[in-house]
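J.:
In our numbering, the protein residues as written are 82 to 387.
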């Protein structure tokens, strides 16, 4: 493969042609780079390394080539002073944390999560303590005095891993008890889960259980009373079980539009390439979409070679 040398350098590969298959069609799959300055064409040349003048060449025109949409650059980590815990401006909320300052990622997303009601997408590497970012949105919900006059604020936290759900439930049960918030974990039994939702402020569930529970949302007032919907590990939407995640997120958006009431959605995942598409699907504005580079970590990794 080659075009003008200023666009691309030649690339070479080879394959063996077995005599008894010499008259059969052969298929070779290969990849070539596409540069920002698009050349008019690439040349593909097939040459025999044993026979003279045994070669052929074709030109691949790029005149009608349609390239995928260019994805926006990752969110740059700003050089901000670590935000102290007292930025919560609530002494009870400050008791939830046993440290004095939030990390760099938490600091950058704090204002959007804690001081607005926008839907938010947060993509960051594992170990960034994104769960605390979700807590900002929860504390924002519990501070909504106007909502308290109408109904009891409730939020749902979705995680694909049941083991992680149990760990988070145990942690939140202890910490959010400080501010008199009851944490419940759904079991999969419909009648029991409806009672748990009526009693709890923070509802923890797996995608499958919430899918089963929310299908008949028109007949279930407790499902309609959800005000905050948090989805963790959204990058697993591309896995075999990801269809359920897609269904419940779309359903919560649909419920919000049908009831004409705001259901805030907070989506968290590792850093992904198509963050813009995911954010648009979930109704997140550009200013509420954070997709940090995978190498951005509050605590840097050390590489040791033995």
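Even for Gly, the Cβ is constructed at its ideal location relative to N, Cα and C.
Which value, in whole angstroms, describes the spacing of the CA atoms of residue 358 and residue 341?
T.: 24 Å
J.: Going straight from the alpha carbon of residue 305 to that of residue 236, what length do you get?
T.: 11 Å
J.: Kindly confirm or deny that the segment 203-218 and the segment 171-189 touch, where touching means at least three C-beta pairs closer than 8 Å.
T.: yes
J.: Grab the span of the alpha helix (DSSP H) containing residue 284 for me, first residue to last.
T.: Per DSSP, residue 284 belongs to no alpha helix (DSSP H); it is in the beta strand (DSSP E), 283-286.
J.: Report the start-end ranges of each alpha helix (DSSP H) in the segment 147-227 that is 4 residues or longer and not cut off at the edges.
T.: 172-175, 185-196, 211-223
J.: Would you kindly check if the distance between the Cβ of residue 314 and the Cβ of residue 338 is under 8 Å?
T.: It is not a contact, given that the beta carbons lie outside the stated cut-off.
J.: Would residue 223 and residue 260 qualify as a contact pair, given that the criterion is a beta-carbon distance under 8 Å?
T.: yes
J.: Select from 162, 238, 271 the residue whose C-alpha is nearest the C-alpha of residue 282.
T.: Minimum Cα distance to residue 282 is reached at 238.
J.: Apart from the five residues just before and just after residue 161, which ones in its own chain have a Cβ nearer than 8 Å to its Cβ?
T.: 185, 188, 189
J.: Which whole runs of the alpha helix (DSSP H) in the segment 263-332 are 4 residues long or more, in chain order?
T.: Listed in chain order, they are 271-280, 288-295, 302-305.
J.: Report yes if the CB atom of residue 122 is closer than 8 Å to the CB atom of residue 141, and no otherwise.
T.: At the C-beta level, residue 122 and residue 141 come within 8 Å of one another.
J.: Should residue 274 be labelled buried (16 or more other beta-carbon atoms within 10 Å of its own) or exposed?
T.: buried
J.: For residue 347 and residue 333, what's the separation of their Cα atoms in angstroms?
T.: 12 Å
J.: What number of angstroms, rounded off, separates the C-alpha of residue 372 from the C-alpha of residue 205?
T.: 6 Å
J.: Would you report the Cα separation of residue 174 and residue 220, rounded to the nearest angstrom?
T.: When rounded, the distance between both Cα atoms is 8 Å.
J.: Quick check on DSSP: helix, strand or coil for residue 96?
T.: coil
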